[in-house]
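Trainee: Mapping the sequence shown onto the numbering used here, position 97 (from 1) lands on 110, and the numbers just tick up by one.
Beta carbons are placed, not taken as given, at the ideal position from N, Cα and C, and that holds for glycine.
Source: prediction; values computed, not measured.
Dropping a structure here in structure tokens format, bear with me for questions.
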Amino acid sequence: MAISDWPADERPREKLLQRGAGALSDAELLAIFLRTGVRGKSAVDLSRELLAEHGGLSALMSASQQQFCASKGLGDAKFVQLQAVMEMSRRYLSEALQRDEVFASAQATRQFLVGRLRGEQREVFAVLYLDNQHRLIAYEPLFYGTIDGAAVYPREIARRALEMHAAALIIAHNHPSGVAEPSDADVRITRRIREALALLDIRLLDHCVVAGPEVVSLAERGLI
């Protein structure tokens, strides 16, 4: 049965307009993005198959162009559209962090970091530079490593913080393994960075570890 033949309150578009995007399932949201299904399958049916094939929405959105376009019903045009949607989301969150005090927008901060670091196949160490009101000055990936780790230099972080005229920092890195639990090495480097910044009267507010959609805060763990 075509979606147009469904009861109005069950159609994804009408459901979103009536109840908001939060009321929709992952498959329904993806169906709106796809717009159409394939022969014998509605957009919702196709969306369910794609989510099962890729292992969920997060994995689908993080798929490479080759992986994405290999799925039935997808192609280069859809991949480009998806990348544009995700980049708009990242820019929206970045503007929110530039406008508002970061800790007052903790959820936006986490979403921003997930958007930037989720799906990276190697470890990426990044810095959020903040002004004296804890608003975002800039986001910058600084160090890159293999899946086993990244070489991180506190002196370079301190130098860039001075160049950015930052009053405080939040540092973040991803765990490509998919496990967000901080390692002993993560705790040690956090303390070294905090000590280097303290000499310059720059505060280290947090160190966030990102693995997929999960974010672990070392500050919340009392490890800073």
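I need the boundaries of the alpha helix (DSSP H) containing residue 47, first residue and last residue.
Mentor: Looking at the DSSP string, the run of the alpha helix (DSSP H) that includes residue 47 is 39-47.
Trainee: Does the pairing of the segment 183-190 with the segment 207-227 give three or more beta-carbon distances under 8 Å?
Mentor: Cβ pair count under 8 Å is three or more, so yes.
Trainee: Could you tell me which of 46, 53, 72 sits nearest to residue 90, measuring between CA atoms?
Mentor: The shortest Cα separation from residue 90 among 46, 53, 72 belongs to 46.
Trainee: State the Cα-Cα distance for the pair residue 134 and residue 153, rounded to the nearest angstrom.
Mentor: Looking at the two C-alpha atoms, the distance is approximately 18 Å.
Trainee: Compare the beta carbon distance of residue 210 and residue 216 with 8 Å and say whether it is the shorter of the two.
Mentor: Yes, the Cβ-Cβ distance between residue 210 and residue 216 is below 8 Å.
Trainee: For residue 54, which beta-bridge partners are listed by DSSP?
Mentor: For residue 54, which the question treats as bridged, DSSP gives the partners 51.
Trainee: CB-CB under 6 Å to residue 61, same chain, minus the five flanking residues each way: which ones, in chain order?
Mentor: Cβ within range, chain order: 40.
Trainee: Just to confirm the assignment, what range does the beta strand (DSSP E) spanning residue 12 have?
Mentor: As shown, the chain starts at 14 and ends at 237. That puts residue 12 outside it, with no answer to give.
Trainee: Sorry if obvious, but does the Cβ on residue 32 come closer than 7 Å to a heavy atom of the ligand MG?
Mentor: The model depicted lacks the ligand MG and carries no ligand whatsoever.
Trainee: What are the partner residues of residue 105, as DSSP defines its beta bridges?
Mentor: Note: residue 105 sits in no beta bridge, so no partner.
Trainee: Given this structure, state the Cα-to-Cα distance separating residue 58 from residue 213, to the nearest angstrom.
Mentor: Near 57 Å, if we compare the C-alpha coordinates of residue 213 and residue 58.
Trainee: Rounded to whole angstroms, how far is the Cβ of residue 75 from the Cβ of residue 132, which I believe are closer than 8 Å?
Mentor: Confirmed, Cβ separation roughly 3 Å.
Trainee: On a CA-only basis, which of 143, 205, 194 is nearest residue 231? Give me that one, please.
Mentor: Comparing Cα positions, the closest option is 194.
Trainee: How many whole angstroms separate the CB atoms of residue 106 and residue 121, which I take to be in contact at a CB cut-off of 8 Å?
Mentor: The Cβ separation is near 5 Å, so the contact holds.
Trainee: For residue 37 and residue 148, what's the separation of their Cα atoms in angstroms?
Mentor: Whole-angstrom Cα-Cα distance: 32 Å.
Trainee: Should residue 173 and residue 140 be called a contact, given that it needs their Cβ atoms to be closer than 8 Å?
Mentor: Yes; because the gap between Cβ atoms is below 8 Å, this pair is in contact.
Trainee: Here's the rule I'm using: 16 or more other beta-carbon atoms within 10 Å means buried, otherwise exposed. How should residue 136 be labelled?
Mentor: Answer is buried; the Cβ neighbour count reaches 16.
Trainee: What is the C-beta distance between residue 170 and residue 203, in whole angstroms, given that I count them as a contact (C-beta under 8 Å)?
Mentor: No, residue 170 and residue 203 are not in contact; Cβ-Cβ is about 11 Å, not under 8 Å.
Trainee: In chain order, what residues of the same chain have a beta carbon less than 7 Å from the beta carbon of residue 189, not counting five sequence neighbours either side?
Mentor: Excluding residues within five positions, the ones whose Cβ falls inside 7 Å are 133, 134, 135, 136, 160.
Trainee: Could you pull out every unbroken alpha helix (DSSP H) segment of at least 4 residues lying fully inside the segment 138-195, listed in chain order?
Mentor: Listed in chain order, they are 167-176.
Trainee: Could you pull the DSSP bridge partners for residue 230 from this structure?
Mentor: 221, per the DSSP bridge assignment.
Trainee: Identify whether residue 131 lies in helix, strand or coil by the three-state DSSP scheme.
Mentor: Looking at residue 131 - three-state DSSP - the assignment turns out to be coil, as it is neither helix nor strand.
Trainee: Below 8 Å on the Cβ atoms is my contact criterion, and I expect residue 138 with residue 163 to pass it. Report the Cβ-Cβ distance as a whole number of Å.
Mentor: 5 Å between Cβ atoms; contact.
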